[in-house]
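Asks: Mapping of the sequence shown onto full-length UniProt numbering: position 221 corresponds to residue 221, and the numbering continues sequentially without gaps. Think of the CB as a built atom: it goes at the ideal place given N, C-alpha and C, for glycine as much as any other residue.
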Amino acid sequence: MKLDTKHLRYLTAEDWRVLTAVEVGSKNHEVVPTPLILQLSSLRSGSGSHKSISTLAKANLIARTKNAKYDGYRLTYGGLDYLSLHTHLKQKVVYSVGNQIGTGKESDIFVVASPSGKQQVLKIHRLGRISFRTVKANRDYLRHRQSASWMYMSRLAALKEYTFMRVLRDSGIRVPEPFACNRHTIVMELIEAFPLRQIKEVPDPSNLYAELIEMILKLADFGLIHGDFNEFNILIKEEETASDGHGKSASSGASQEPKDVSGALKLIPYLIDFPQMVSVDHANAQMYFDRDVECIKTFFQRRFHFTSDEPGPSFTQARKRAELNCARRLDVEAEPSGYSKKMAKELEKYMAEIGNAADDDQGHSSTGHDNISAPESSDTEVDYDSPGALLPMT
Ligand code: ADP
Ligand code: MG
1 MKLDTKHLRY LTAEDWRVLT AVEVGSKNHE VVPTPLILQL SSLRSGSGSH KSISTLAKAN
61 LIARTKNAKY DGYRLTYGGL DYLSLHTHLK QKVVYSVGNQ IGTGKESDIF VVASPSGKQQ
121 VLKIHRLGRI SFRTVKANRD YLRHRQSASW MYMSRLAALK EYTFMRVLRD SGIRVPEPFA
181 CNRHTIVMEL IEAFPLRQIK EVPDPSNLYA ELIEMILKLA DFGLIHGDFN EFNILIKEEE
241 TASDGHGKSA SSGASQEPKD VSGALKLIPY LIDFPQMVSV DHANAQMYFD RDVECIKTFF
301 QRRFHFTSDE PGPSFTQARK RAELNCARRL DVEAEPSGYS KKMAKELEKY MAEIGNAADD
361 DQGHSSTGHD NISAPESSDT EVDYDSPGAL LPMT
């Protein structure tokens, strides 16, 4: 889904109040009745509030909806995007929005700039994009309200991802630095790297393979299993390690340069994409663990024709190692930072149902969680490199 920022700078303070009122109202109403919007925004009926409602509806931030008993409005994904961006802007985390660099099944990724001009990544979670028709309607927390459920689930996914990125980063696992989380979005460090998927050759696959397996084991030491540890979710950064370094040690599809295997550049893997992460105590932990290991083995065999001499590691080996290492349990530590067990259960249930349904529908990646594509081109997108085209969000 595109992020059309062109209305951001035109909205008035009243418009923002009304938009916030629709968001607040939708916690209890599938369709928020117009009088409630007016009441929640503390604006007098008949004044600017009707104008605000019409401005927001024209910009597709809210959508007029009739239900059986009354007319009202519901918040759209665009509306939620605006509220979230508005907060990142006010908190001086984001200054402007650039190009879209990724479209997953359940997220959109953009490059954004901080007020000091630093490039960052904005990840917008879009759970529910697939189809809620496939989700069983008997969950009490959804109360059959679809709009509330996609908002709630997307927020949960963002909160989970942000919380785990924080604890992982603090524990020395290489992940992008998370800067902020608001509603269904996260702002994080931009890693200038190619996904492993795009790397065609590496000088020493055994080294990289060992590092990735070590990463899986380290996660397990901390009580965690990534659950989608594949070539899309591992970014490979090249770092110079020697002064004579020039040329590339890994060649991506995009690179035209000759390959230089001097070893002057080191390949550093970064792990991303955490909404599906599970605890080692999860009922299916072994299956998730084995799948993560298998994904890497299969990819290295196919892409680099590399097979490790060592079998496994198995889940049992990983658990034994964790016992010896006595590492902190990050699955437990994440809870006090706001991501509760109840939330974990709700999101997991959603992911299991939607994940399976979507796999049947699409099946476009090894685990059904990923898809990357080239940025979509459209009139509304901004060329980040052209300063005149930037849309300051003020
Ligand atoms: P999804 O859930 O849609 O798979 P990801 O978090 O895996 O979302 O991101 C999708 C793609 O966006 C990645 O494969 C990667 O190419 C790019 N991407 C995501 N986060 C970053 C980041 N911090 N730095 C650089 N690229 C990123
Ligand atoms: Mg991904």
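Along the chain, which unbroken stretches of the beta strand (DSSP E) at least 3 residues long are found entirely within the segment 29-114?
Replies: 62-66, 71-75, 96-103 and 107-113
Asks: How would you call Glu106, buried or exposed, if buried means at least 16 neighbouring beta carbons within 10 angstroms?
Replies: buried
Asks: Express the C-alpha separation of Phe179 and Val94 in angstroms, rounding to a whole number.
Replies: 10 Å
Asks: Is Asn284 close to chain D? Criterion is C-beta to C-beta, closer than 8 Å.
Replies: The chain labelled as chain D is not found in the depicted structure, where only one protein chain is given.
Asks: Can you tell me whether Phe232 sits near the ligand MG, meaning its C-beta is under 7 Å from at least one heavy atom of the ligand?
Replies: yes
Asks: Use the C-beta contact count for Leu159: other C-beta atoms within 10 angstroms, 16 or more gives buried, fewer gives exposed.
Replies: buried
Asks: If you count every other CB in all the chains shown that lies within 10 Å of the CB of Lys218, and 16 or more means buried, which is it?
Replies: buried
Asks: Which same chain residues, not among the five before or five after Gln276, have their C-beta less than 7 Å away from its C-beta?
Replies: Gly227, Asp228, Met351 and His369
Asks: Within 10 Å of its beta-carbon, does Lys51 have 16 or more other beta-carbons around it, so buried, or fewer, so exposed?
Replies: exposed
Asks: Give every residue of the same chain whose Cβ lies closer than 7 Å to the Cβ of Ser366, excluding the five residues on either side of it in the sequence, and list them in chain order.
Replies: Only weak support is given to the placement of Ser366: the predicted model assigns it a pLDDT of 37, under 50, and the question is left unresolved by the model.
Asks: What are the partner residues of Glu238, as DSSP defines its beta bridges?
Replies: Leu267
Asks: Mapping DSSP to helix, strand and coil, what is Ala180?
Replies: DSSP places Ala180 in strand when its eight states are reduced to three.
Asks: State the CB to CB distance for the pair Leu271 and Arg174, rounded to an integer number of angstroms; the pair is presumed to be in contact (CB under 8 Å).
Replies: 6 Å
Asks: Determine the burial state of Pro195: buried for a count of at least 16 other Cβ atoms within 10 Å of its Cβ, exposed for fewer.
Replies: It is buried - the Cβ of Pro195 has at least 16 other Cβ atoms within 10 Å.
Asks: Quick check: what's the CA-CA separation for Thr12 versus Phe304?
Replies: 55 Å
Asks: Which two residues bound the contiguous alpha helix (DSSP H) that contains residue 428?
Replies: Nothing can be reported for residue 428, as the shown portion of the chain is limited to 1 through 394.
Asks: I think Thr185 touches Ile124, with their Cβ atoms under 8 Å apart; what is that distance to the nearest whole Å?
Replies: The pair is a contact, with the Cβ atoms about 5 Å apart (cut-off 8 Å).
Asks: Below 8 Å between beta carbons: does that hold for Glu14 and Arg74?
Replies: no
Asks: With a threshold of 7 Å, establish whether the CB of Met277 neighbours any heavy atom of the ligand ADP.
Replies: no
Asks: From the DSSP output, read off the bridge partner residues of Ser26.
Replies: Beta-bridge partners assigned by DSSP to Ser26: none are found.
Asks: So who's on the other strand from Met151, going by DSSP bridges?
Replies: For Met151, DSSP assigns no beta-bridge partner whatsoever.
Asks: Return yes when at least one heavy atom of the ligand MG lies under 7 Å from the C-beta of Gly104, else no.
Replies: Correct: Gly104 has its Cβ closer than 7 Å to the ligand MG.
Asks: Mark Tyr10 as exposed unless 16 or more other C-beta atoms lie within 10 angstroms of its C-beta, in which case mark it buried.
Replies: When all chains shown are included, Tyr10 counts as exposed.
Asks: What did DSSP end up calling Val175 once you bin it into helix, strand or coil?
Replies: coil
Asks: Does Asp309 pass the burial test, meaning 16 or more other C-beta atoms within 10 Å, or should it be called exposed?
Replies: exposed
Asks: My assumption, with CB atoms under 8 Å, is that Val121 sits in contact with Ser96. Please give the rounded CB distance.
Replies: With 8 Å as the limit, Val121 and Ser96 do not qualify as a contact, their Cβ atoms being about 14 Å apart.
Asks: Would DSSP call Ile225 helix, strand or coil?
Replies: strand
Asks: Tell me which residue opens and which closes the beta strand (DSSP E) that Ile124 is part of.
Replies: First-last of the beta strand (DSSP E) with Ile124: Gln119 to His125.
Asks: Let me confirm a value: Asn233 is counted as buried when at least 16 other C-beta atoms fall within 10 Å, else exposed. Which label applies?
Replies: buried
Asks: On the CB-based measure, 16 or more other CB atoms within 10 Å of its CB, does Gln100 come out buried or exposed?
Replies: buried
Asks: Quick one: what's Thr298 bridged to in DSSP?
Replies: Answer is none; Thr298 lacks a bridge partner.
Asks: Using the three-state DSSP reduction, which class does Lys200 fall into: helix, strand or coil?
Replies: In the three-state reduction of the DSSP assignment, Lys200 falls in the strand class, which pools E and B.
Asks: Report back the beta-carbon spacing between Tyr82 and Leu8 to the nearest angstrom; my notes put them in contact at under 8 Å.
Replies: 6 Å between Cβ atoms; contact.
Asks: Which of the three DSSP states, helix, strand or coil, is assigned to Pro258?
Replies: Note that Pro258 scores a pLDDT of 43, beneath 50, so its modelled location is shaky and nothing firm can be said.
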